[in-house]
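Quick note on numbering: full-length UniProt numbering labels position 389 of the sequence shown as 389, and the sequence is numbered without any gaps.
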Amino acid sequence: MAERGQLWTKKEERSLFDKGAVKFEHEGNEKIIWADQQRAIERRKRDYVPLSNLDSEKPLIREKRLELDLCQWNSIKESNDARKFWLNDVMQSDVMFNDELWNQEWYLQDMRSDKTLPKLDLNVVPLYRMGVTGRGVRIAVLDDGLEYTHDDLKNNYDASISYDVNEKDNDPLPRYDTKEENNHGTRCAGEIAMEANNRKCGVGVAFEASIGGIKLLDDWVTDRVEGEALGYKRELVDIYTASWGPADDGRSLAAPGRLATKALERGGRKGKGSIYVWASGNGGSASDDCGCDGYVGSIYTIAVNSASQTGSSPWYGESCPAILTTTYSGGSFRDQMIVSTDLRNTCTLKHTGTSASAPLAAGILALALQVNKNITWRDVQHLIVSTSEYYPLRKNPGWFRNSAGFLFNSRFGFGLMNAYRLVTASSIWTTVPDKTICKVDITRLWNKKLAYGKPRALRFDAKNQCLLAGNEIAFLEHVEIKVSIRYSFRGALQMHLTAPSGFTVQLLKPRKWDNSTSGFKEWKFMSVASWGEDPRGIWILDIADKTGPKGNTGTIEAFTLILHGTRHPPEYRKNRPQIYYQNYNRI
């Protein structure tokens, strides 16, 4: 219940009469602007099946899923003393730190035995040599708890950004049981902030960042719980990272509720906006589509997918045009996984899934924020788009170049994160222009019938609408389509969106396990694939049922195209084409 901006909760006895009782109790109170009975919602962690069960390829079923200014940065880059503080030879990475599992962190260092082999790491070591370690940046892990007493985390633990939403206290320590089901948050935190040179476990990507734990997955999850977690200490927290979401079962359709949505929109960081990093999902083996995950599909989140040690898409990976970027994780049983902390002051070599990819991205962004605290949440997304690497993942199918020159793949977004390139770009970054929004309703549709074998093409004319004062967009960021459809078998539907440039992306793939008859009700599909394009012109949405059963029927109800972008190109794109480094893998 909301009263003048305050959120009130009440523990009610669970009975058939609760809803009516709540309504009766507050009926007529003019101070109450909104009330809603909270319902438990299913959220699952995005690690995956145990190694012993890998051959089954079934998704894991679990009930939860020194601050530097620019002058300082330049002096560090030019300082021989800073470089001498680390090793003189970057290739001696196996002895750079004395942590016991540092030599297993293949994704943070160049471990090639032969320089003719592809370079696989995320390019962070040059930043460590410059003293960029994440110091002064605060990251909160939204999960099932954090073992802050762990020897590899305790010196970086920040109690001021930690909270147990489930128990409503300031202690996010996980609940211990024989199954160790609540190790997920501790593993995600370790990837980011494991202390360096303490002979324990490994080294976090941002090993001097401050890490906090916000515990929400250890009890019933409701919209209130999510909203409270997503907005907790928003003026202190720089980055929130979440490696969970709705069930990746190929049939679920779920998005943030009212309170969670408000928390994402409100942001923090004194007007610069909170940075939300989200794991894209592990439903690949269930034919799932991350377009049906409203957390991945939010314009306010950075959706991160996984690439394996071989540079390929892992079996659990999902695809959708909402994915912004990629980091590494585990793949097949032959591939190495991710090093991290584990419960009871232990270490692990087996953290994996997109759960492991999102924290790596959060750590890289912490390095960027150390160099430039003034970048906004939108600046961060532009930085990712413009600095992610295509060449390490180029052998995978599905790459396309949009009309703005950006290479995009619905499995990998704009490519693999390159920490050095992103951080150096952030050090000289000019804030992007203010955003404008252009909304376009579907042109008149005479026949609203939808059926198997009868595809429909819907047109949106953005040519004039996005030229109006206050609506003008010439440089596109996010594209949303708000969809309302009634259909007898939701999983049979597929959708493709074609931009005025002719660039086409698939918004929705068929999901064979989704036999819902509920269709879509004001559901938002989101795409970043047309980033940088001019959106003015005709957009076409193709809807089809090609899989059947043949008796499938439905009705097209309402569609709105929502375009987000700027009137003028950002500074980094003015008269500067997008550059991809062909020799990145040969550094």
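C-beta: ideal position from N, C-alpha, C; glycine also. Predicted model only: the values in this text are computed from it and were never measured.
Buried versus exposed call for residue i [16 or more other C-beta atoms within 10 Å across all chains shown]
| i | result |
| --- | --- |
| Trp446 | exposed |
| Glu480 | buried |
| Glu305 | The sequence shown places Asn at residue 305, not Glu. Label assigned to Asn305: buried. |
| Arg199 | exposed |
| Asp329 | The residue you asked about is not Asp; residue 329 is Ser in the sequence shown. That one is buried. |
| Thr178 | exposed |
| Arg536 | buried |
| Met91 | Model confidence at Met91 stands at a pLDDT of 35, short of 50, so the residue's coordinates are unreliable; what they give is reported in the following sentence. Label assigned to Met91: exposed. |
| Arg187 | buried |
| Asp434 | exposed |
| Ala189 | buried |
| Lys270 | exposed |
| Leu68 | With a pLDDT of 35 at Leu68, under the threshold of 50, the predicted position of this residue should be treated as unreliable, and no value is reported. |
| Thr424 | buried |
| Phe520 | buried |
| Glu318 | buried |
| Ala247 | buried |
C-alpha distance - residue i paired with residue j, whole-angstrom precision
| i | j | result |
| --- | --- | --- |
| Glu195 | Trp429 | 29 Å |
| Lys482 | Glu42 | 23 Å |
| Ala544 | Lys168 | 47 Å |
| Ile485 | Phe559 | 9 Å |
| Ile161 | Ile442 | 44 Å |
| Glu208 | His150 | 15 Å |
| Lys512 | Gly491 | 6 Å |
| Gly415 | Leu393 | 7 Å |
| Asn183 | Trp399 | 36 Å |
| Leu468 | Ile556 | 28 Å |
| Leu230 | Asn409 | 29 Å |
| Asp47 | Ser355 | 5 Å |
| Asn156 | Gln109 | 22 Å |
| Asn583 | Arg421 | 14 Å |
| Leu122 | Pro455 | 43 Å |
| Pro549 | Asp289 | 20 Å |
| Thr310 | Gly470 | 47 Å |
| Asp379 | Thr431 | 6 Å |
| Tyr581 | Gly405 | 14 Å |
| Ser388 | Asp99 | 29 Å |
| Gly136 | Lys449 | 57 Å |
| Ala255 | Glu571 | 34 Å |
| Glu235 | Gln38 | 26 Å |
Contact check, residue i vs residue j, beta carbons under 8 Å
| i | j | result |
| --- | --- | --- |
| Ala368 | Ser426 | yes |
| Arg567 | Ile437 | no |
| Ala419 | Gly134 | no |
| Gly283 | Asp249 | yes |
| Val339 | Leu101 | yes |
| Leu153 | Thr352 | no |
| Ala40 | Thr222 | yes |
| Met526 | Ile299 | yes |
| Val205 | Ile192 | yes |
| Asp219 | Gly185 | no |
| Lys439 | Ile562 | yes |
| Pro172 | Gly213 | yes |
| Ser530 | Leu476 | yes |
| Asn552 | Tyr452 | yes |
| Ser313 | Ser332 | no |
| Ser170 | Leu216 | The residue asked about is misnamed: residue 170 is Asn in this sequence, not Ser. No. |
For residue i: DSSP bridge partner residues
| i | result |
| --- | --- |
| Asp164 | Asp169 and Lys215 |
| Asn409 | Gly413 |
| Gly565 | Thr436 and Leu476 |
| His351 | Ile338 |
| Lys45 | Trp244 |
| Leu450 | Gly554 |
| Tyr487 | Gly554 |
| Ile543 | Arg456 and Met495 |
| Met111 | Answer is none; Met111 lacks a bridge partner. |
| Asp461 | Ile538 |
| Ile239 | Ile139 and Ile275 |
Interface flag, residue i vs chain C, CB-CB below 8 Å
| i | result |
| --- | --- |
| Val221 | Of the protein chains in this structure there is only one, and it is not chain C. |
How about the segment 277 to 295 and the segment 242 to 250: do they share at least three Cβ pairs that are nearer than 8 Å?
-> yes
So does the segment 491 to 502 actually touch the segment 374 to 390, counting three or more Cβ pairs closer than 8 Å?
-> no
Counting pairs of beta carbons, one from the segment 316 to 324 and one from the segment 257 to 273, are three or more of them closer than 8 Å?
-> no
Pair every Cβ in the segment 345 to 356 with every Cβ in the segment 123 to 138, then say whether three or more of these pairs are closer than 8 Å.
-> no
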